[in-house]
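Colleague: Protein chains in written order, with numbering that gives the first Met the number 0: chain A, 0 to 160; chain B, 0 to 205. Just so you know, even glycine gets a beta-carbon here, dropped at the ideal spot from N, CA and C.
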Amino acid sequence: MKSLIKVGMADLKTATNPEVLTTLGLGSCVGVCIYDPITKVSGMAHVMLPDSKAIRNNSNVAKFADTAVLKLVNDMVANGANKRRLVSKIAGGAQMFSFSSKNDMMKIGQRNAIAVKEMLKELGIPLKAEDTGGNYGRSIEFDSVDGSLRIKTIGHGTHVL
Amino acid sequence: MSMHLEEVNGMILDVLKEIGNIGAGNAATALAKMINKKVDMAVPKVNVMEFHEVPEILGGEETEVCGIFFKLEGDVEGSIMFLLSVESATTLINLLMPGSNVSEINDFTISALKEIGNILSGSYISSLSGLTNLDIKISVPSLAIDMAGAILSVPAIQFGLVGDKILIIENEFIECVENEKVNGFFFLIPDVDSFDVMLKSLGISI
C-alpha cells in the first residue's frame, strides 16, 4: 500500500519515492504535477485562479497559478530536486457550467490552464502531458515512483498520462 | 471598499442569515405549491467555511452531486447555485411526479431538475430583491452532475476572488406526509462590488 498525500484546494505539497500525491474533484481548478525523474522528488499544486497580481488579497500563494508553480518548484529543489531536470503534467481546467455569454469568470478553467502553462514555460519546465478542458471533474494521482499521472472521472473513464 | 469574508462580522452574518431564511422560506413555499403538499423547513444554517471543508458536508470530494447554476443580472451581479445530492434530487423528482419512480438521472430528470432549480432560486432571489429594493434577476439555468469537489470549485473560485473562505446557506426541506427529506444548499455569490451594493441597500455600512 503506497502512502497517499492529499492536496486540498488552494494547496501544494511535495513527496518522495514511493509516495503518491493526490487531489480529488478538480473542476475549474488545475492540478499541476512536477517531477524530477532522477531523485524522484515530486510535487503537486491545486491552483484556483490564474493571476495573483489581479487580486488584492493574495496571501495564499498556493491559490494562484503564477505564485503556486514558483513556490512548488522552490519547495521541490529544497527537497533535493534538480531544477533543470524537472518535467510537468497538468490536469483540470474544466468549465463545469456553460453559458452563451462571454463572461470571463465562466472561462476561468481555461484561463487557469493557460496561466499554468505560461508559468511552466517561463521557468523552463517542459510540459509532458495534459488533460484539460471539457465540462467534467477529475481526480488525479501522481506517482513519485515513475511520474505517472492517473486521472479518474465520472462518466469519462480513467486513464494514465 | 470591498470586504473580505474573513472580516464578516456578526451583524452582517445575521443579515445574510436572514436573507437566507426569507429566501429559503419563499423557496419552500414555492416547492410546496409545486408538489401540492405541505413542506416544512429547518432553520437555515449559514456557514463561513474553509474551501477544503466544503466537500465534507456532501460526503467528500468525489461524491456525485447535482448543481444548478444561475447568473445574477441587474443591480446585483454574481451567481447563485442550488446544490443537492443525487439522492435528494431523485427524491425531489419523485415528490414532484408521484408514481414516476425515478431512480436515475436522464434527460427527462435533468430538465425537471432545471425547472425545480429555477423555481427555487427564482423565489430565493425575488425575496432578496424585495428585501433590498434592488432589481435582481436570474439567468437561464445550467446544470451539472459530477464530483462535489468539481462542482464546488465554481463558487469556491468566485469566493476566492475576495478571500479564502466560502459562504454557504444550507436548507433542509421536509415533505410532511411521507416525511421525505431533501437537503439543498444555496450558494449566493455576489460579485465583489455587488456585496457592497447589497449590504448598503439594507442600511449596513462596511
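By the three-class DSSP mapping on this structure, what secondary structure does residue 95 of chain A have?
Modeller: Along the first sequence, read from residue 1 onward, the residue named residue 95 of chain A stands at position 96. Reduced to three states, the DSSP call for residue 95 of chain A is coil.
Colleague: For residue 123 of chain B, which three-state DSSP category applies?
Modeller: In the second sequence, counting from the first residue as 1, residue 123 of chain B sits at position 124. In the structure shown, residue 123 of chain B sits in a helix (DSSP, three-state: H, G or I).
Colleague: Can you check whether the C-beta of residue 23 of chain A is within less than 8 Å of a C-beta belonging to chain B?
Modeller: For the purposes of this step, residue 23 of chain A is taken as the residue at position 24 of the first sequence. By this cut-off, residue 23 of chain A is an interface position.
Colleague: Using DSSP's beta-bridge definition, name the partner residues of residue 5 of chain A.
Modeller: By 1-based counting over the first sequence, the position of residue 5 of chain A is 6. Residue pairing for residue 5 of chain A: DSSP places it in a beta bridge opposite A:21.
Colleague: In the DSSP assignment, the alpha helix (DSSP H) including residue 110 of chain A goes from what residue to what residue?
Modeller: Reading the first sequence from its first residue, position 111 is the one you call residue 110 of chain A. In the DSSP annotation of this structure, the continuous segment of the alpha helix (DSSP H) that includes residue 110 of chain A starts and ends at 107–121.
Colleague: Please classify residue 128 of chain A: does DSSP put it in a helix, a strand, or coil?
Modeller: For the purposes of this step, residue 128 of chain A is taken as residue 129 along the first sequence, with counting starting at 1. In the structure shown, residue 128 of chain A sits in a strand (DSSP, three-state: E or B).
Colleague: If we count the other Cβ atoms within 10 Å of its Cβ and call it buried at 16 or more, is residue 144 of chain A buried or exposed?
Modeller: By one-based count along the first sequence, residue 144 of chain A stands at place 145. Flag for residue 144 of chain A reads exposed.
Colleague: Report the neighbours of residue 47 of chain A on chain B: residues whose CB is nearer than 9 Å to its CB, in chain order.
Modeller: One-based indexing of the first sequence puts residue 47 of chain A at position 48. Going along chain B in sequence order, the residues near residue 47 of chain A (Cβ under 9 Å) are 50, 152, 155, 156, 159.
Colleague: For residue 155 of chain B, collect the residues of the same chain with a Cβ closer than 6 Å to its Cβ; drop the 5 residues on either side in sequence, then sort them by chain order.
Modeller: The residue labelled residue 155 of chain B in the question sits at position 156 within the second sequence. So the list reads 50, 165, once near-sequence residues are dropped.
Colleague: Considering only the beta carbon of each residue, do residue 85 of chain A and residue 135 of chain A sit closer than 8 Å?
Modeller: Indexing the first sequence from 1 puts residue 85 of chain A at position 86. Indexing the first sequence from 1 puts residue 135 of chain A at position 136. Cβ distance not < 8 Å, so residue 85 of chain A and residue 135 of chain A don't count as in contact.
Colleague: Name the chain B residues that come within less than 9 Å of residue 28 of chain A, Cβ to Cβ?
Modeller: Position 29 of the first sequence, counting from 1, holds the residue named residue 28 of chain A. Neighbours of residue 28 of chain A on chain B, chain order: 148, 149, 152, 155, 156.
Colleague: Does the distance from the CB of residue 204 of chain A to the CB of residue 87 of chain A come in under 8 Å?
Modeller: Any question about residue 204 of chain A goes unanswered here, given that chain A covers just 0 to 160.
Colleague: How far does the alpha helix (DSSP H) with residue 43 of chain A in it reach, from first residue to last?
Modeller: Translated into the one-based positions of the first sequence, residue 43 of chain A becomes position 44. Note, residue 43 of chain A: premise wrong, no alpha helix (DSSP H); beta strand (DSSP E) at 41–46.
Colleague: Have a look at A:90, A:108, A:91 and flag the residue whose alpha-carbon is nearest the alpha-carbon of residue 97 of chain A.
Modeller: To locate residue 97 of chain A, count along the first sequence from 1; it is residue 98. Residue 97 of chain A has its Cα closest to that of A:108, out of A:90, A:108, A:91.
Colleague: What residues in the region 132–153 of chain A bring their beta carbon closer than 9 Å to a beta carbon of chain B?
Modeller: 134, 135, 136, 137, 138, 151, 152, 153
Colleague: Is residue 186 of chain B buried or exposed, if buried means 16 or more other CB atoms sit within 10 Å of its CB?
Modeller: Numbered from its first residue, the second sequence carries residue 186 of chain B at position 187. The residue is buried, with at least 16 neighbouring Cβ atoms inside 10 Å.
Colleague: Find out if the Cβ-Cβ distance for the pair residue 167 of chain B, residue 95 of chain A is shorter than 8 Å.
Modeller: Start at 1 with the first residue of the second sequence, and residue 167 of chain B comes out as number 168. Start at 1 with the first residue of the first sequence, and residue 95 of chain A comes out as number 96. Not in contact: residue 167 of chain B and residue 95 of chain A (Cβ atoms no closer than 8 Å).
Colleague: In the DSSP assignment, what residue or residues form a beta bridge with residue 187 of chain B?
Modeller: Indexing the second sequence from 1 puts residue 187 of chain B at position 188. DSSP, once it has assigned bridges, lists B:79 as partnering residue 187 of chain B.
Colleague: Can you check which of these residues, A:64, A:157, A:129, A:132, is closest to residue 121 of chain A by C-alpha distance?
Modeller: Your numbering for residue 121 of chain A matches position 122 in the first sequence. Taking only the C-alpha atoms, the option nearest residue 121 of chain A is A:64.
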